[in-house]
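Per the UniProt record's numbering, residue 1 is the first one in the sequence shown, and the count goes up by one each step.
Beta carbons: idealized from backbone N, C-alpha and C, even for Gly.
Working notes, beginning with the structure itself.
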Amino acid sequence: MSTAKSYDISKLTVWEAYQSVKANRGAAGIDEQSIAQFEQKLQRNLYKLWNRMSSGSYLPPPVRQVEIPKQSGGKRKLGIPTVADRVAQTVVKLLLSNNR
Numbered sequence: 001m002s003t004a005k006s007y008d009i010s011k012l013t014v015w016e017a018y019q020s021v022k023a024n025r026g027a028a029g030i031d032e033q034s035i036a037q038f039e040q041k042l043q044r045n046l047y048k049l050w051n052r053m054s055s056g057s058y059l060p061p062p063v064r065q066v067e068i069p070k071q072s073g074g075k076r077k078l079g080i081p082t083v084a085d086r087v088a089q090t091v092v093k094l095l096l097s098n099n100r
């Protein structure tokens with residue numbers, strides 16, 4: 001049985017990631033939770049995400065799949081992550097790009 005590895009992730013980094021996701025807007029993921037709905041329990045949602053990422057126990061949920069039309073007439077599949085997962089991805093991006 002493997003144990004999760006903990007990571008040093010500041011709450012400020014999670015907040016900055018959330019601000020970035022909010023600024024980009026975007027559609028709801030498979031959980032159908034919009035950014036406005038995520039904000040209704042913002043402190044709880046960000047704390048839960050920070051706690052899971054810091055402890056190494058974060059598991060991303062499935063993405064919502066949508067087909068969008070191509071100019072050539074076909075369609076391509078697009079995966080839309082949940083708001084929380086977009087925040088988590090942005091946290092990782094910030095950590096990797098800024099050596100936080």
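Three-state secondary structure (DSSP) of residue i
i: R86; result: helix
i: K22; result: helix
i: Q71; result: coil
i: K77; result: strand
i: V63; result: coil
i: E32; result: coil
i: A17; result: helix
Neighbourhood of residue i by C-beta, 7 angstroms cutoff - its chain only, sequence neighbours within 5 removed
i: S55; result: A4, S6
Sub-9 angstroms separation of residue i and residue j beta-carbons
i: G73; j: V63; result: no
i: K11; j: L46; result: yes
i: residue 101; j: V83; result: No answer is possible for residue 101: it lies beyond the span of the chain, which begins at 1 and ends at 100.
i: A88; j: L42; result: no
i: L95; j: I9; result: yes
i: K93; j: A17; result: yes
Limits of the unbroken alpha helix (DSSP H) element including residue i
i: A36; result: 35–40
Spatially closest choice to residue i from the options, by CA coordinates
i: K77; options: E67, A36, A17; result: E67
i: P81; options: V14, R44, E32, S20; result: E32
i: Q19; options: I9, I35, S97, D8; result: I35
Close Cβ partners of residue i (< 6 angstroms) along its chain, the five nearest in sequence each way excluded
i: G29; result: R64, I80, P81, T82
i: S57; result: A4
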